[in-house]
Amino acid sequence: MKNYVKALILTAMASCLLAGCSGSSDSASQGDGKESYTIGIGQFAAHGSLDNCREGFLLGLAEEGIVEGENLTVLYENSQADGGIASQIVTNFASQNVDLICGIATPMAQSAYGIGKKQNIPVIYTAVTDPVAAELAGADGTPVGEITGTSDKLPVTQQLEMIRAILPHAKTIGIMFTTSEVNSLSTIEEYKAAASDYGFEIVDTGISTTADVPLAADSLLEKVDCITNLTDNTVVASLPVILDKAAKKNIPVFGSEIEQVKIGCLASMGLDYIDLGRQTGKMAAAVLKGEKKASEMKFEIIEEASFYGNTKVAENLGITFPEELTSSAKELFHEITQ
Amino acid sequence: MLKLNNINKYYNTGTVNEICLFEDFNLSIEEGEFVSVVGSNGSGKTSMLNIICGSIPVDSGTIYIGKENITHMPEFRRLRRIGRVYQNPAMGTCPHMTILENMALADNKGKPFNLRRGTDKKRVDSYRESLKTLGLGLEDKLHVKVGVLSGGQRQAMALLMSAMTPIEFLILDEHTAALDPKTAEVIMELTDQIVKSKHLTTIMVTHNLRYAVDYGSRLLMMHQGQAVMDKAGREKTAVKIEDLLERFNAISVECGN
Amino acid sequence: MTVIMGILEEGLIYAVMALGVYITYKILDFPDLSVDSTFPLGAALTASAILAGVSPALTLILSFLAGALAGCVTGFIHVKLKVRDLLSGIIVMTGLYSLNLRIAGGRANVPIFTQETIFENPFLAEHVPAPLSPYVIVLILFLITLACKVLLDLYLNTRSGYLLRAVGDNEALVTSLAKDKGMVKIIGLALANGFTALAGSVYCQHKGFFEISVGTGTMVIGLASVIMGIQLLTPETGTSPFSSVFKKELRPTTAVIAGSVLYKACISAAISLGLEANDLKLITSILFLIILVVSTERRKKVKTHA
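Written out as structure tokens, the structure is:
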């Protein structure tokens with residue numbers, strides 16, 4: 000027992016040394032209304048949309064007068080989709096007494112809340128598809144604690160509307176998803192509920208790893224008139240495989256956000272993640288300045304989606320975009336980026 | 000007591016390298032016998048021990064202890080009534096456990112290994128006594144890990160441990176071969192002491208012809224899976240090292256060496 | 000101070016798992032990969048059980064049992080079906096992934112933020128005085144880890160525990176003792192995976208949610224903790240730089256727990272220094288290698304001096 004305690008104290012001291020070289024938190028932390036802030040941004044994985052979120056988040060803060068390098072110190076870490084690392088990152092933020100933690104994507108937001116609430120650090124999240132299912136908010140959108148943010152729920156009905164406009168005769172839409180991704184499951188339910196309003200039938204196929212993608216794509220392509228994507232991480236990572244197979248069969252693939260359209264999806268009604276991040280940044284600013292508490296703000300969703308199209312893909316498929324879509328397009332791409 | 004009947008054992012069956020180890024091998028050992036086994040490399044001495052202990056299965060034939068057929072009994076069950084000491088001193092003890100813990104382990108053979116305290120405090124004195132009989136000073140090093148002991152010390156412990164609980168058989172597999180001559184002598188004397196005091200039926204494989212002649216009540220010479228010499232009682236006492244050497248040479252000539 | 004608290008919390012949670020890896024890797028000499036799936040098994044079971052209204056403390060025991068069962072399966076596959084050790088672990092790890100998802104109700108992410116846990120419940124809220132509350136989590140973790148360590152120490156000193164130590168040390172001796180070495184291995188694997196699942200349960204209650212990816216790399220964390228703890232803190236493998244601090248030889252279980260905290264401290268420092276998560280695995284493996292090489296060097300020296 001004595002040795003046990005001694006050993007722990009010794010390692011704690013060693014930890015102290017190790018942690019000491021990290022340079023500790025900002026000297027200013029005397030409560031609200033102060034001059035400068037330190038925040039920790041934890042991002043769950045590195046991909047285009049999430050990077051855009053972070054960029055937008057800092058823009059949003061800056062618009063409210065909180066500028067990185069002037070009155071804001073930003074600690075940024077990426078967990079590369081490792082849940083254990085995610086929680087370690089947040090623990091690190093908490094131990095450096097940050098004023099606020101920003102969690103990008105669901106697991107990071109949950110880790111941040113789990114740790115943050117023990118030390119009364121407010122958490123702002125973004126790119127969480129379903130904050131209610133993640134138990135970060137109640138059914139009416141009120142936060143469960145000092146945590147709020149923005150959701151990147153896909154604009155399902157607008158996507159269906161767009162597909163109908165581009166493909167007037169299509170009957171079935173295929174969706175591939177990973178069985179272990181919660182967000183994919185809830186989005187598919189939404190697609191199924193809304194599909195009949197637009198005269199579609201949804202055919203879904205579940206996979207468990209990247210290795211399943213080629214076979215699943217082959218079988219899905221046999222059954223459908225077009226494919227639409229979710230923000231399913233595993234499927235998106237293998238998108239080139241699906242695009243290649245679909246192109247050979249002349250079947251259009253719709254994306255769920257701008258990056259997918261860039262690499263060869265026909266079109267997408269997508270969120271602008273920079274806007275999403277900007278909106279989140281403003282919420283964070285309100286919390287930092289002490290104007291509002293996180294627990295007083297419901298989480299927010301971007302209502303409007305914008306059209307993104309790829310004319311090169313359309314040309315390959317022999318499709319022309321309807322005028323009303325192209326005129327309202329946020330961005331059109333004329334080549335396929337590999 | 001122990002009977003091997005019509006044992007057949009082949010290695011690499013069905014390949015060009017097929018080796019016949021035993022063909023219709025028979026052996027019977029009476030209770031209380033101390034059998035010394037000699038023979039050249041590959042003659043089947045150690046394989047015979049492995050077959051008796053169940054370390055390797057037989058292709059056909061039966062093995063009996065008393066009236067019980069143990070041919071298909073797994074090795075660990077057979078070893079309940081058999082104590083075995085290996086050539087490698089490391090095989091008979093646990094290097095990362097202390098002398099005391101090793102003794103306690105051996106003492107518990109045949110009893111349940113349950114959640115009772117591993118070392119029975121009341122038995123410590125008796126462990127110390129029996130270690131004292133080795134004359135190696137181990138009784139003062141009860142809390143030393145066995146891994147730091149010399150090969151001879153470990154082998155002495157292995158011998159002591161193998162015969163600690165009531166067993167019917169003691170199997171010695173060239174147990175002095177890895178030791179220096181002086182230590183080997185000590186271990187051999189110790190072996191004789193233990194065998195005599197506990198009245199154990201013993202099979203000892205050895206390359207040391209003098210040990211084979213000096214110790215034991217019966218002498219077996221193995222060659223190509225057969226016992227080419229088998230002398231017991233008065234016949235055995237009359238055997239000299241020269242006789243064994245002569246026989247060895249004769250075999251070698253037969254084999255064309 | 001909060002830095003240390005954070006490291007202690009993380010380290011102590013994983014310490015229970017490291018005790019499990021200590022059993023397989025150090026005592027049994029069995030590279031058991033099934034821990035990568037029994038850790039989330041404990042977490043999944045805990046999340047589901049707590050949502051179903053099971054008492055949080057009871058989930059610890061349930062998780063231990065479930066983990067032990069999984070360990071038995073690994074053992075059975077290895078011992079009875081004669082599959083190689085690494086492969087048996089991989090088989091169980093792969094199979095349990097699906098099973099874990101099922102246990103979690105088909106979801107890869109189950110939050111329990113609003114539920115009572117061993118760290119957050121009315122009892123604690125009522126009985127813990129306010130000045131102590133920042134330390135309550137570390138205290139609870141400390142007690143759980145201590146309990147596991149003491150129980151394991153006690154077990155290793157029973158007859159059954161002796162046999163477990165013997166089987167990793169010298170299989171032949173276990174057979175000589177008329178005991179089925181296979182059964183002993185199964186018991187060891189059951190214990191190890193029980194501890195791992197228990198750690199998973201604690202992890203889940205600490206973080207407030209279950210996530211299917213939490214098991215990734217469990218084995219590596221465990222190994223790193225065990226190797227760091229044992230090589231650096233126990234004098235047996237050479238002269239420990241810290242050996243003068245301890246009057247008696249440090250128990251390996253204590254060293255393993257300390258190793259786990261130390262490992263988390265290293266990771267924490269690495270993150271703080273701005274190293275990317277991408278590089279962490281590489282750093283872990285390099286750290287690993289250095290410790291292993293240094294300790295074998297030392298052992299060689301000890302031998303040549305003898």
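The listed protein sequences derive, respectively, from chains A, B and C. Residue numbering for the first sequence follows numbering that gives the first Met the number 0, beginning at 0 and increasing consecutively. Residue numbering for the second sequence follows numbering that gives the first Met the number 0, beginning at 0 and increasing consecutively. Residue numbering for the third sequence follows numbering that gives the first Met the number 0, beginning at 0 and increasing consecutively. Quick reminder that beta carbons are idealized off the backbone N, C-alpha and C, glycines included.
Given a threshold of 16 other Cβ atoms within 10 Å of its Cβ, counted over all protein chains shown, does residue i qualify as buried or as exposed?
i: residue 86 (chain A); result: buried
i: residue 124 (chain A); result: buried
i: residue 168 (chain B); result: buried
i: residue 173 (chain B); result: buried
i: residue 106 (chain B); result: buried
i: residue 46 (chain B); result: buried
i: residue 24 (chain A); result: Any answer about residue 24 (chain A) is weak, because its pLDDT of 40 lies below 50 and its placement is not dependable; what the coordinates show is given next. Buried, because 16 or more other Cβ atoms sit within 10 Å of the Cβ of residue 24 (chain A).
i: residue 210 (chain A); result: exposed
i: residue 108 (chain B); result: buried
i: residue 337 (chain A); result: exposed
i: residue 31 (chain A); result: The predicted model places residue 31 (chain A) with a pLDDT of 46, which falls under 50 and marks its position as unreliable, so this point remains unresolved.
i: residue 18 (chain B); result: exposed
i: residue 29 (chain A); result: Its pLDDT being 40, under 50, residue 29 (chain A) is placed unreliably by the model, and nothing is read from it.
i: residue 151 (chain A); result: buried
i: residue 327 (chain A); result: exposed
Does any residue of chain A bring its CB to less than 8 Å from the CB of residue i?
i: residue 2 (chain C); result: yes
i: residue 275 (chain C); result: yes
i: residue 251 (chain C); result: no
i: residue 106 (chain C); result: yes
i: residue 285 (chain C); result: no
i: residue 47 (chain C); result: no
Does any residue of chain C bring its CB to less than 8 Å from the CB of residue i?
i: residue 340 (chain A); result: Outside the shown range of chain A, which is 0 to 337, sits residue 340 (chain A), and nothing can be said about it.
i: residue 173 (chain B); result: no
i: residue 92 (chain B); result: yes
i: residue 169 (chain B); result: no
i: residue 133 (chain A); result: yes
i: residue 54 (chain A); result: no
If you measure from the beta carbon of residue i to each beta carbon in chain B, is any gap under 8 Å?
i: residue 160 (chain C); result: yes
i: residue 175 (chain C); result: yes
i: residue 178 (chain C); result: yes
i: residue 172 (chain C); result: yes
i: residue 189 (chain C); result: no
I need the boundaries of the beta strand (DSSP E) containing residue i, first residue and last residue.
i: residue 165 (chain C); result: From DSSP, residue 165 (chain C) is part of no beta strand (DSSP E) but of the alpha helix (DSSP H) over 158-168.
i: residue 69 (chain C); result: Here residue 69 (chain C) belongs to no beta strand (DSSP E); instead the alpha helix (DSSP H) covers 55-78.
i: residue 95 (chain B); result: First-last for residue 95 (chain B): undefined, no H or E at that position.
i: residue 190 (chain A); result: Per DSSP, residue 190 (chain A) belongs to no beta strand (DSSP E); it is in the alpha helix (DSSP H), 181-194.
i: residue 222 (chain B); result: 217-222
i: residue 206 (chain C); result: No beta strand (DSSP E) contains residue 206 (chain C), which is instead part of the alpha helix (DSSP H) from 180-206.
i: residue 203 (chain B); result: 200-204
Start and end of the alpha helix (DSSP H) containing residue i?
i: residue 13 (chain C); result: 1-20
i: residue 172 (chain B); result: That residue, residue 172 (chain B), is in no alpha helix (DSSP H); its beta strand (DSSP E) goes 168-172.
i: residue 156 (chain B); result: 150-161
i: residue 225 (chain B); result: Segment 225-231 is the beta strand (DSSP E) holding residue 225 (chain B); no alpha helix (DSSP H) there.
field: Residues of the stretch 4-20 of chain C whose Cβ lies closer than 9 Å to any Cβ of chain A, in chain order
entry: Result list: 4, 5, 6, 7, 8, 9, 10, 11, 13.
query: What are the residues of the stretch 45-72 of chain B that lie near chain C, defined by any Cβ-Cβ distance shorter than 7 Å?
result: Listed in sequence order: no entries.
message: Beta carbons nearer than 8 Å to chain C: which residues of the stretch 218-250 of chain A have them?
response: Of all residues in the stretch 218-250 of chain A, none has a Cβ within less than 8 Å of some Cβ in chain C.
task: Say whether the stretch 130-141 of chain C touches the stretch 28-44 of chain B, bearing in mind that this needs 3 or more beta-carbon pairs closer than 8 Å, one atom from each stretch.
output: Contact annotation: the stretch 130-141 of chain C does not touch the stretch 28-44 of chain B, with fewer than three C-beta pairs closer than 8 Å.
query: So, do the stretch 179-193 of chain A and the stretch 126-138 of chain A have three or more beta carbon pairs nearer to each other than 8 Å?
result: Contact holds between the stretch 179-193 of chain A and the stretch 126-138 of chain A, because three or more Cβ pairs, one in each stretch, are under 8 Å apart.
query: For the stretch 20-41 of chain C, which residues have a CB atom closer than 8 Å to at least one CB atom of chain A, in sequence order?
result: For the stretch 20-41 of chain C, the beta-carbon criterion of a distance under 8 Å to any beta-carbon of chain A is satisfied by none of its residues.
query: When you check each C-beta in the stretch 78-111 of chain A against every C-beta of chain C, which residues fall closer than 8 Å?
result: Closer than 8 Å at the C-beta level to chain C, one finds these residues of the stretch 78-111 of chain A: 78, 79, 80, 81, 82, 83, 84, 86, 87, 88, 90, 91, 93, 94, 95, 96, 105, 106, 109, 110.
query: At a Cβ cut of 7 Å, what residues of the stretch 107-128 of chain B count as close to chain C, listed as they run along the chain?
result: If the cut-off is 7 Å between Cβ atoms, the stretch 107-128 of chain B has 107, 108, 109, 112, 113, 114, 115, 116, 117 near chain C.
query: Looking at chain A, which residues of the stretch 199-223 of chain C have a Cβ within less than 9 Å of any of its Cβ atoms?
result: Listed by position along the chain: 202, 205, 206, 207, 208, 210, 211, 212, 213, 214, 215, 216, 217, 220.
query: Touching or not, the stretch 145-159 of chain B and the stretch 86-98 of chain B, by the rule of three or more beta carbon pairs under 8 Å?
result: At 8 Å Cβ cutoff, the stretches touch.
- request: Examine the Cβ distances between the stretch 102-117 of chain A and the stretch 202-215 of chain C and report whether three or more of them are shorter than 8 Å.
  value: Contact holds between the stretch 102-117 of chain A and the stretch 202-215 of chain C, because three or more Cβ pairs, one in each stretch, are under 8 Å apart.
- prompt: Any residues in the stretch 108-121 of chain C with a beta carbon nearer than 7 Å to a beta carbon of chain A? Which ones, in chain order?
  reply: Taking 7 Å as the Cβ-Cβ cut-off against chain A, the residues of the stretch 108-121 of chain C that qualify are 108, 110, 112, 113.
query: Given a limit of 9 Å on CB to CB distance, which residues of the stretch 55-84 of chain C reach chain B?
result: Hits within the stretch: zero.
field: the stretch 143-158 of chain C: positions lying closer than 7 Å to chain B by Cβ
entry: If you check each beta-carbon in the stretch 143-158 of chain C against every beta-carbon of chain B, the ones closer than 7 Å belong to 156, 157, 158.
field: At least three beta-carbon pairs within less than 8 Å, the stretch 200-211 of chain B to the stretch 224-235 of chain B
entry: Here the stretch 200-211 of chain B makes no contact with the stretch 224-235 of chain B; the two share fewer than three CB pairs at distances below 8 Å.
- prompt: Can you list, in chain order, the residues of the stretch 172-203 of chain A whose Cβ is nearer than 8 Å to any Cβ on chain C?
  reply: For the stretch 172-203 of chain A, which is checked against every Cβ of chain C, the residues closer than 8 Å are 178, 179, 180, 181, 184.
message: Between the stretch 94-106 of chain A and the stretch 193-200 of chain C, can you find at least three pairs of beta-carbon atoms closer than 8 Å?
response: Contact annotation: the stretch 193-200 of chain C does not touch the stretch 94-106 of chain A, with fewer than three C-beta pairs closer than 8 Å.
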